[in-house]
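Below you'll find the structure, written out as structure tokens, and then a few comments.
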Amino acid sequence: MRTNIKVVVLTPSFSKLSPEPLQLLQKHHINVVRKKNPEPRNESKVAELIGDASGAIVTAADRISSIVFEKCTNLKIIVIHGVGFDQMDMAGAEQNGIKVCLCPGNHESVADLTWSLIHASARTIGHAIDDVKKGIWMPQGYGGYEVCDKTLGIIGYGRIGKAVARRSIGYRCQVLVYDPFIEKVTPENDLNLKKVDQLEEIYEKADIISLHMPATKESYQLLNREAFRQMKDGVLIINTARGDLIAEDALLEALESRKVHAAGLDVIVDEPPQPNDNKLLNHPRVIVTPHMAAHTIEANFKTGMVAANAIVDALVH
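Written out as structure tokens, the structure reads:
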């Protein structure tokens, strides 16, 4: 068995809440080197940090393309600790004989937080909590909407989108699904589900719109001024996918005009934000959480074990 295998870990979340993934790598005598990456979009910095490692466990934000492939000549496998490939040159990795592995397993956790944001946005809970902390107590002053019997529009119907849809059964929601990469959807149990071929149908009919698709050139600022113009008045916007899916200036305008009742965002365009410069953070009908949807003990174990096993399979077996 090789004992000089070096793997660089650039994501702080790997094996953070569950020790088993790291223990698996150590069991196979893999030298795990954790490094902080303050500049994930700086590919030269990413290449410097990976260096002579045979494997790397990275975040979806780490830019990996020609510079990494040219400088990291020992690299055999890159594991993205999650399911996004926003900054990964997949074709370049294949050309250089580097295996790329995603780590599914966080879908239930993301779906949980999605529904938490739906509830919190429907009732403007964030604003109410802030008021209580300021000593303001006015239980009749917030209003909001019930979630039951509403139309839920899900954009992106992969593992996460399906998990979000399953949770809607108890709320008697009509679920509209848009995903150009699937031909049909199969209803589960009592799920009231319909696939639509045009986004406009979701915009026109949904009371709640939840985003669950990757950030690509095609999906960049998918929710823009024209999209908001087509939506129902008082719609809820939920984003636990990628910040680039929403044009934030257009969302702010829609909030001010009351086209959008509230927004629940686990992701924004610039992360981490500067609180004084980001109007979304300070809007009373916006709840922003710090990209935490996948950060549960269960999801950390599942994704970590996928990552560790992929490394072992590629570099040991």
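Heads up: the sequence shown runs through residues 3 to 319, numbered per our numbering. We treat Cβ as the ideally placed atom computed from N, Cα and C, and that holds for glycine.
To the nearest angstrom, report how far apart histidine 263 and serine 212 are at their CA atoms. The alpha-carbon atoms of histidine 263 and serine 212 are separated by roughly 14 Å.
If tyrosine 159 sits next to aspartate 181, beta carbons under 8 Å apart, how far is it from one beta carbon to the other, in whole angstroms? Here tyrosine 159 really is in contact with aspartate 181; their C-beta atoms are around 4 Å apart, less than 8 Å.
Evaluate contact between the segment 54 to 66 and the segment 33 to 45, counting only Cβ atoms and requiring at least three cross-stretch pairs below 8 Å. Contact between the segment 54 to 66 and the segment 33 to 45 is present: three or more C-beta pairs spanning the two stretches fall below 8 Å.
Sort Glu185, Ala113 and Pro292 by Cα distance to alanine 167 and report the nearest one. Checked all of Glu185, Ala113 and Pro292; the closest Cα to alanine 167 is Ala113.
Kindly indicate if chain D contains any beta-carbon less than 8 Å away from that of cysteine 74. This model lacks chain D altogether; it includes just one protein chain.
Taking Cβ to Cβ, would you say isoleucine 210 is nearer than 8 Å to isoleucine 120? Contact: yes.
Give the range of the alpha helix (DSSP H) segment to which serine 118 is assigned. Segment 109 to 124, the alpha helix (DSSP H) holding serine 118.
Tell me whether serine 56 is buried or exposed, calling it buried when 16 or more other Cβ atoms sit within 10 Å of its Cβ. The residue is buried, with at least 16 neighbouring Cβ atoms inside 10 Å.
Quick one: measure Cβ to Cβ for leucine 257 and leucine 267, integer angstroms, because I've assumed they're closer than 8 Å. That pair is no contact at about 12 Å.
Under the rule that 16 or more other beta-carbon atoms within 10 Å means buried, what is methionine 3, buried or exposed? For methionine 3, the pLDDT reaches just 48, beneath the cut-off of 50, and the residue's location in the model is therefore unreliable, although a value from the coordinates is still provided. So methionine 3 counts as exposed.
Reduced DSSP category for threonine 305 - H, G, I as helix; E, B as strand; rest coil: Here threonine 305 sits in helix by DSSP.
Cutoff 6 Å; reference histidine 30; Cβ partners in own chain excluding five residues on either side: Residues Val314 and Val318 of the same chain have their beta carbon placed closer than 6 Å to that of histidine 30, with the five preceding and five following residues left out of the count.
Which partner residues of lysine 197 appear in the DSSP bridge assignment? Partner(s): Val179.
Just to confirm, is the Cβ distance from threonine 83 to isoleucine 100 under 8 Å? Per the sequence shown, residue 83 should be read as histidine rather than threonine. Judged by beta-carbon spacing, isoleucine 100 lies beyond the 8 Å limit of histidine 83, meaning their Cβ atoms are not closer than that value.
Could you give the residue range of the beta strand (DSSP E) that holds isoleucine 82? Its beta strand (DSSP E) spans residues 79 to 82.
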